[in-house]
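See structure below.
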Amino acid sequence: MEIIVEIIINAILLSSMYVLAASGFALVLSIMGVLNFAHGAIYMVGGYACYQLAIEYGLNPWLSLFLAAGIMALFGLFLERFCFRPFYGDFFSSVIISIALIFILQTSINLTVGVHVRSLPAFVSGMFKVGGVSVSMERLFTAVIGVSLLFALTLFIRKSKTGQQMLAVAQNSEGAALQGIRIHRVAAIAMALGCALAAVAGSLMGAVFDLNTFMGDLILVKAIQVVILSGIGSIGGVLIGGLIIGTLDSVLPLYTTPAITQTIGLTIIIVLLLIRPQGLFGREMD
Amino acid sequence: MKRNSLFKLRGGVSLVVALMFFLCMEPHATAKPKTLRIGFLTGLTGFASDSERVHLQGAELARDWVNEKGGVTIKGEKYLVELVPEDHKCTADGAVAGATKLVYDQKVKYIAGTIMPFIIAAVTTVTEPAHVIRSVAYNCGTPQEFSAKTPYTFLSQNGTIGAIISGLKFLKKARPEVKTIAVFIPDDGSIPYLEPQVRKWAKNNGMEVKGDIVGWPLNTVDFTPFALKAIKINADAVAMANGWPAMIGGVLKALRENGYHKPVIGLHYSQAKDVMEVAGKEASDNYFIHGINTNTPQKTDIVKWILDRGQTKYGHQRVAFFIEGFDSVFVLAQAIEKAQSLDTDDVKNAWEKMDDINTAYGLAHMEGQETYGLRHAVVGPRAIEGLEKGAVKSFGWMRDIKVP
Numbered sequence: 035m036e037i038i039v040e041i042i043i044n045a046i047l048l049s050s051m052y053v054l055a056a057s058g059f060a061l062v063l064s065i066m067g068v069l070n071f072a073h074g075a076i077y078m079v080g081g082y083a084c085y086q087l088a089i090e091y092g093l094n095p096w097l098s099l100f101l102a103a104g105i106m107a108l109f110g111l112f113l114e115r116f117c118f119r120p121f122y123g124d125f126f127s128s129v130i131i132s133i134a135l136i137f138i139l140q141t142s143i144n145l146t147v148g149v150h151v152r153s154l155p156a157f158v159s160g161m162f163k164v165g166g167v168s169v170s171m172e173r174l175f176t177a178v179i180g181v182s183l184l185f186a187l188t189l190f191i192r193k194s195k196t197g198q199q200m201l202a203v204a205q206n207s208e209g210a211a212l213q214g215i216r217i218h219r220v221a222a223i224a225m226a227l228g229c230a231l232a233a234v235a236g237s238l239m240g241a242v243f244d245l246n247t248f249m250g251d252l253i254l255v256k257a258i259q260v261v262i263l264s265g266i267g268s269i270g271g272v273l274i275g276g277l278i279i280g281t282l283d284s285v286l287p288l289y290t291t292p293a294i295t296q297t298i299g300l301t302i303i304i305v306l307l308l309i310r311p312q313g314l315f316g317r318e319m320d
Numbered sequence: 101m102k103r104n105s106l107f108k109l110r111g112g113v114s115l116v117v118a119l120m121f122f123l124c125m126e127p128h129a130t131a132k133p134k135t136l137r138i139g140f141l142t143g144l145t146g147f148a149s150d151s152e153r154v155h156l157q158g159a160e161l162a163r164d165w166v167n168e169k170g171g172v173t174i175k176g177e178k179y180l181v182e183l184v185p186e187d188h189k190c191t192a193d194g195a196v197a198g199a200t201k202l203v204y205d206q207k208v209k210y211i212a213g214t215i216m217p218f219i220i221a222a223v224t225t226v227t228e229p230a231h232v233i234r235s236v237a238y239n240c241g242t243p244q245e246f247s248a249k250t251p252y253t254f255l256s257q258n259g260t261i262g263a264i265i266s267g268l269k270f271l272k273k274a275r276p277e278v279k280t281i282a283v284f285i286p287d288d289g290s291i292p293y294l295e296p297q298v299r300k301w302a303k304n305n306g307m308e309v310k311g312d313i314v315g316w317p318l319n320t321v322d323f324t325p326f327a328l329k330a331i332k333i334n335a336d337a338v339a340m341a342n343g344w345p346a347m348i349g350g351v352l353k354a355l356r357e358n359g360y361h362k363p364v365i366g367l368h369y370s371q372a373k374d375v376m377e378v379a380g381k382e383a384s385d386n387y388f389i390h391g392i393n394t395n396t397p398q399k400t401d402i403v404k405w406i407l408d409r410g411q412t413k414y415g416h417q418r419v420a421f422f423i424e425g426f427d428s429v430f431v432l433a434q435a436i437e438k439a440q441s442l443d444t445d446d447v448k449n450a451w452e453k454m455d456d457i458n459t460a461y462g463l464a465h466m467e468g469q470e471t472y473g474l475r476h477a478v479v480g481p482r483a484i485e486g487l488e489k490g491a492v493k494s495f496g497w498m499r500d501i502k503v504p
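First to last, the sequence lines map onto chains S and A. Residue numbering for the first sequence follows the numbering used here, beginning at 35 and increasing consecutively. Residue numbering for the second sequence follows the numbering used here, beginning at 101 and increasing consecutively.
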């Protein structure tokens, strides 16, 4: 019984982490229409930035987290202005740019700090015990942050003026521009937010797991799975997509081999796409 | 005036004669050592490059060590080692491309490095038909990497099977109460070959492998589900064969967070400090691994030199990874010198006939006939370190390791 409770708790925690990692990716894809494959690399650089600030410069870990998010938000503005804006509306060029960014970011980090094994210290330490089941506070905290940020992001998009502009751009960028919305400004905000979210995810998960140059590759695959499952254009749907993928990844390894686990997860996505090409809550893209 | 011209003429003739004499003498006076080119294939990019780049640094240290001692002497001629590094990108196709470039473009006849089973197996498809000698830096026990069908491939260290043998022997000595073990192995194709070895050597040490092997994919993000699976087995100890520090640390952390506080041992080679970096101090207890650090007693002179030079040259002391790269070049250089020939068939034959060979860890022996189908494995002593209450501790050396 105890192990079943632990499995359920772990499924929820892992799902929330996937949600945290996928929300920035979903935002950029939904608003800008950019399939940003560099999201994983940005997540990794965000984690390293937090490490640098907290460990090398001795700053408070919380302050480091906020600063890392800020730095990556600025980096997002740079990316939007100089890497993605010149190719606005050109899906394939933006994909190639994002793939190039992966190599640039990974190689840069690998050459500068890559040979050392690193992990961020826990933002919250200790264990949370209920009955006979114990949960790491670090994981619990990361899960809470992940879900909270997703709700905050959803609220921001639905309730704020900028969020409404984002929705308008996402639905029809030319129509939005004709209404006086500055689409490049909206895209820049979306990209900055997406990169900041990636940095928060990279920092928190760099504490739960570890920091390495290629940590973003693994999480990118999960983020893509979550976004495809939840549906492009649906930020809120990421929660359900994350829950499904996280539960599969938590439960299946206990009862079957790793290869079958991965096959089942991907088969579910393929079947779903055959039945519902736009994903669970998504809209169809042009 | 005439006298002056005669003086100039004599001077010119003398100069020409002196120059000719100098030119004739030059090759003998400044006889340059020849170059022995050794390819080094490693992951400079790709998912394991953080560790594999340290292998290249270790190989460079071996080059320096050999060259500073005068190089390799073949029939009285000195050869200085020149490394030709190539990136295998941590993918099988990258490994084939890298090996092809080394063998056919760079024309190297010896290749050191590579540790992952699918990389080693991929490179074999290029090097074996070309009769290129390989000194691989690790081995996971699959016949595709290393068997009677790969006569030009040598293993420069104990490999996973050597670590299984010495690790379980150590566990029996350090924790005699352990009678059952749960075993983690990466799902990289090596499980079917390593499982019988673990079961056999556990039995030889009075232990039993309980339940199925806990396989985990190399692209695992969270090790908690696998830790829960191992905990469900309810064994007296957990043994992990292979994995990088980030992965091992992830498993150790997940085991401890989920209430498993019994002994955990790594049946491979790494550094406890790196594992603790990922697992965190709270989880770092009752853990052992084949590893070496600055506080390990009775370090060899080569290990001390590697620690010093590694710190000076590269600014770190990830000595276990340095040595994997170091030994793959160092033992190869010794085999070439033993052969007294640069011909790869001569080197292969000479290496096969060697009984003893030096490694950074100390004197090793050529073994592995029964296990691998050829006597191509360099098997030597290993230090054990561990984690106790959040601190790295040395547990001495395992010296009588034999891979049949």
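Think of the CB as a built atom: it goes at the ideal place given N, C-alpha and C, for glycine as much as any other residue.
- Message: Check whether chain A comes within 9 Å of A156(S), counting only Cβ atoms and requiring the distance to be less than that.
- Response: yes
- Message: Could you check whether A221(S) and I65(S) sit closer than 9 Å to each other, using their CB atoms as the reference points?
- Response: yes
- So G228(S) and L48(S) are in contact, right, with Cβ under 8 Å, and what is the actual spacing, rounded? With 8 Å as the limit, G228(S) and L48(S) do not qualify as a contact, their Cβ atoms being about 22 Å apart.
- Query: Which whole-angstrom value is the C-beta distance of V321(A) and F248(S), which I expect to be below 8 Å?
  - Reply: That belief does not hold up - the Cβ atoms of V321(A) and F248(S) are roughly 12 Å apart, past 8 Å.
- Hey, does R152(S) have any beta-carbon neighbour from chain A nearer than 9 Å? yes
- Message: By the 7 Å beta-carbon criterion, what residues does the stretch 319 to 344 of chain A contribute toward chain S?
- Response: N319, V321, D322, T324, P325, F326, L328, K329, K332
- Query: Counting contacts by CB-CB distance shorter than 9 Å, is F243(S) in contact with chain A?
  - Reply: yes
- Any C-beta of chain A under 9 Å from that of G97(S): A small fix is needed here, since residue 97(S) is Leu in this sequence, not Gly. By this cut-off, L97(S) is not an interface position.
- Task: Determine the chain S residues that contact A221(A) at a beta-carbon separation under 8 Å, and present them in chain order.
- Result: What A221(A) touches in chain S: nothing, since even the nearest Cβ is about 18 Å away.
- For A159(A) versus P185(A), is the C-beta distance shorter than 9 Å? yes
- Query: Can you tell me whether DSSP reads H128(A) as helix, strand or coil?
  - Reply: In this predicted model, H128(A) has a pLDDT of only 49, less than 50, meaning its place in the structure is not dependable enough to derive any value.
- Where do the ends of the beta strand (DSSP E) carrying T142(A) lie? 134 to 142
- Task: Look at L189(S) and A103(S) and say whether their C-beta atoms are less than 9 Å apart.
- Result: no
- Hey, quick one: how far does the beta strand (DSSP E) through D187(A) stretch, first residue to last? 177 to 187
- Message: For Q312(S), would you say it is in contact with chain A, using Cβ-to-Cβ distances shorter than 9 Å as the test?
- Response: no
- Item | Under 9 Å (Cβ pairs) to chain S, residues found in the stretch 149 to 174 of chain A | S149, D150, S151, R153, V154, Q157
- Task: Compare the C-beta of T301(S) against all C-beta atoms of chain A and say whether one is closer than 9 Å.
- Result: no
- Can the beta-carbon of G236(S) be found less than 9 Å from the beta-carbon of Y82(S)? yes
- Would you mind reading off the limits of the alpha helix (DSSP H) that contains K163(S)? Run containing K163(S): none in the alpha helix (DSSP H); it sits in the beta strand (DSSP E), 161 to 164.
- Query: Going along chain A, which residues have a C-beta under 9 Å from A75(S)?
  - Reply: Those within 9 Å of A75(S) in chain A number zero; the least Cβ separation is about 13 Å.
- As assigned by DSSP and simplified to three states, the class of I38(S): helix
- Select from S284(S), G313(S), Q296(S) the residue whose C-alpha is nearest the C-alpha of I38(S). S284(S)
- Query: Got a sec: which bits of the stretch 79 to 90 of chain S sit with their beta carbon under 8 Å from any beta carbon on chain A, in order along the chain?
  - Reply: none
- Item | Span separating the alpha-carbon of L187(S) from that of V351(A) | 33 Å
- Message: Three or more C-beta pairs under 8 Å: does that hold for the stretch 410 to 428 of chain A against the stretch 444 to 452 of chain A?
- Response: no
- Query: Does H416(A) have its Cβ less than 9 Å from a Cβ in chain S?
  - Reply: yes
- Query: Any heavy atom of the ligand GTP closer than 8 Å to the CB of M106(S)?
  - Reply: Ligands are entirely absent from the displayed structure, and the ligand GTP is therefore not among its contents.
- Assign G545(A) to one of three DSSP states: helix, strand, or coil. The shown model of chain A, from 101 to 504, leaves out residue 545(A), and the question about it has no answer.
- Item | Contact with chain A by S237(S), beta-carbon distance below 9 Å | no
- Taking the DSSP output, what are the residues bridged to G240(S)? BP columns for G240(S) are empty, so no partner.
- Query: So, is the C-beta of V181(S) closer than 9 Å to a C-beta in chain C?
  - Reply: In summary, chain C is missing from the structure at hand, where the protein chains are S and A.
- So, are the CB atoms of M161(S) and S168(S) less than 9 Å apart? yes
- Query: Just to confirm, are G146(A) and D187(A) a CB contact at a threshold of 9 Å?
  - Reply: yes
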